[in-house]
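Asks: For reference, the structure I am asking about is given below.
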Amino acid sequence: MDYIEFKIETTTEAVEAISYFLSDDLEAGVEICDPKDALNQDKTQTWYDFIDQSLLDQDMDTVYVKAYFNKGIDITEHKKIIENKLQHISEFLNVGSAKVTVTEIPEEKWANEWKKYYKVFNITNNVIIKPSWIDHEKEENMITIEMDPGMAFGSGTHETTSMCAILLEQYIKFGDHVLDVGTGSGILAIIAAKMGGDVLAIDIDPMAIKVAKENVENNKVDVILKEGNLLEVVESKADIVVSNIIADIIISLADQVKRMIKFDGVWIASGIIDTRKDEVVDAIIKNGWEIIDIVAKNEWIALAMRAGQ
585 MDYIEFKIET
595 TTEAVEAISY
605 FLSDDLEAGV
615 EICDPKDALN
625 QDKTQTWYDF
635 IDQSLLDQDM
645 DTVYVKAYFN
655 KGIDITEHKK
665 IIENKLQHIS
675 EFLNVGSAKV
685 TVTEIPEEKW
695 ANEWKKYYKV
705 FNITNNVIIK
715 PSWIDHEKEE
725 NMITIEMDPG
735 MAFGSGTHET
745 TSMCAILLEQ
755 YIKFGDHVLD
765 VGTGSGILAI
775 IAAKMGGDVL
785 AIDIDPMAIK
795 VAKENVENNK
805 VDVILKEGNL
815 LEVVESKADI
825 VVSNIIADII
835 ISLADQVKRM
845 IKFDGVWIAS
855 GIIDTRKDEV
865 VDAIIKNGWE
875 IIDIVAKNEW
885 IALAMRAGQ
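Here the sequence shown stands for residues 585 to 893, numbered as in this note's numbering.
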């Protein structure tokens, strides 16, 4: 099946709001193309030398958010809806040019063209992410996760995911019960399981659960997957809760997670743009959480918290 791509030229500041609108309201597959990602990779790795120089020559302040739909949609109507929403978002955030470009992508190109840009990389010092079509010799004492990029659910390249993984690595203990809220591709659940966690992963999106199930099976780990909202599907308390979502949902989860975590348990939350850090921190503290760690990468913030007394 062919696909329709809507490419939106914007800024890092507006990425979160635009992506959430596209995936939640329009049910689109979403891809974020941020040229700064290339600059943040480990330059000591051999593959860094093969990065297309044109990527490094781009305007580093311009980010592209791409939305994908099956062919057959009303393109004119979808473009109008997107442009109206961008106008609304611009009242609160800097959306940049907000230029919208529409392209039809043949299925064959969709299936193969992007592979040449996806490489093996370290998400933490001890965790490697590799695509399924690349052979990679397993390194001693390293955890290898096989993860192919998907349209909407994340493959580990974004700062928000890597910060969650770094904090997981710091706080998880073998045998900990881990709850992954909004699992998406399942990448954090898989990492937690390979670190020795007993993992339950949940998501309200049935397609995310389907993708996560495939990734869990490909990585040969035991992860329980459930579709639904937090309080509806979780029956026991966790030692660690991880949620890589967005600021608004993290704020709304503060009270619910407190009821789902054990005494002295750790909640790891990411997906917070730095312009909303104070708002999230205030809401977290008001709900009785003690912030024990803050990690920052570029414009993104991740928190590790314990429930206060």
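Ideal Cβ placement from N, Cα and C applies to all residues, glycine included.
#1: Looking only at C-alpha atoms, which of Lys861, Thr596, Ser746 and Asn709 sits nearest to Asn828?
#2: Check this for me: beta carbons of Gly613 and Tyr652, under 8 Å apart or not?
#3: Using the C-alpha atoms, what's the distance from His672 back to Ile689?
#4: Using a Cβ-Cβ cutoff of less than 8 Å, which residues in the same chain neighbour Cys748 once the five nearest sequence positions on both sides are dropped?
#5: Taking the beta carbon of Asp764 as the centre, do at least 16 other beta carbons fall within 10 Å, making it buried, or is it exposed?
#6: Please report the Cβ distance between Trp873 and Thr744, rounded to the nearest whole angstrom; I am assuming they are in contact, meaning their Cβ atoms lie under 8 Å.
#7: Would you check if there are 3 or more beta carbon pairs closer than 8 Å linking the segment 855-871 to the segment 807-820?
#8: List, from N- to C-terminal side, the beta strand (DSSP E) runs of 3 residues or more that fit wholly inside the segment 783-839.
#9: Starting from Lys591, follow its DSSP beta bridges and name the residues at the other end.
#10: In whole angstroms, what is the alpha-carbon distance linking Gly781 and Gly770?
#11: DSSP beta-bridge partners for Asp764?
#12: So who's on the other strand from Asp877, going by DSSP bridges?
#13: In this structure, how does DSSP classify Thr708 when only helix, strand and coil are distinguished?
#14: Hey, how far is the Cα of Val864 from the Cα of Leu837?
#15: Would you identify the three-state DSSP class for Phe605, choosing helix, strand or coil?
#16: Check the C-beta distance from Ala785 over to Leu809 and give it rounded, since I have them as a contact under 8 Å.
#17: Could you tell me whether the Cβ atoms of Ile868 and Ile875 are closer together than 8 Å?
#18: Within its chain, find whatever has a CB closer than 6 Å to the CB of Thr687; leave out the 5 residues flanking it on each side and keep chain order.
#19: Among Lys663, Ile659 and Val599, whose alpha-carbon lies nearest the alpha-carbon of Asp645?
#20: Determine the extent of the alpha helix (DSSP H) in which Ser674 is found, giving its start and end residues.
#21: Any idea what DSSP makes of Glu615, helix, strand or coil?
#22: For Lys846, which residues of its own chain have a beta-carbon under 6 Å away from its beta-carbon, when the five flanking residues on both sides are left out?
#23: May I ask you to report which of helix, strand or coil DSSP gives Asp848?
#24: Do Met726 and Ile713 count as a contact pair if the criterion is CB distance below 8 Å?
#25: So, with DSSP's three-state summary, where would you put Glu600?
#26: Could you have a look at Lys861 and say whether DSSP puts it in helix, strand or coil?
#27: Which residue comes first and which comes last in the beta strand (DSSP E) that contains Glu730?
#28: Mark Ala880 as exposed unless 16 or more other C-beta atoms lie within 10 angstroms of its C-beta, in which case mark it buried.
#29: Ser681: which of Glu801, Lys591, Ile707 and Glu753 sits nearest, CA to CA?
#30: To which residues of the same chain is Ile774 closer than 7 Å at the C-beta, ignoring the five residues directly before and after it?
Replies: Answer, in terms of the structure:
#1: Ser746
#2: yes
#3: 28 Å
#4: Leu772, Val826, Asn828, Ile852, Ser854 and Ala886
#5: buried
#6: Not quite, the Cβ-Cβ distance comes to about 19 Å (not below 8 Å), so this is no contact.
#7: no
#8: 807-811 and 822-828
#9: Lys650 and Thr685
#10: 14 Å
#11: Ala785 and Val826
#12: Ala888
#13: coil
#14: 11 Å
#15: helix
#16: 5 Å
#17: yes
#18: Glu589
#19: Val599
#20: It is not in any alpha helix (DSSP H) - Ser674 carries neither H nor E in the DSSP assignment.
#21: strand
#22: Lys821 and Asp823
#23: strand
#24: no
#25: helix
#26: helix
#27: Ile727 to Glu730
#28: exposed
#29: Lys591
#30: Ile729, Asn799, Val800, Asn803, Val805 and Val807
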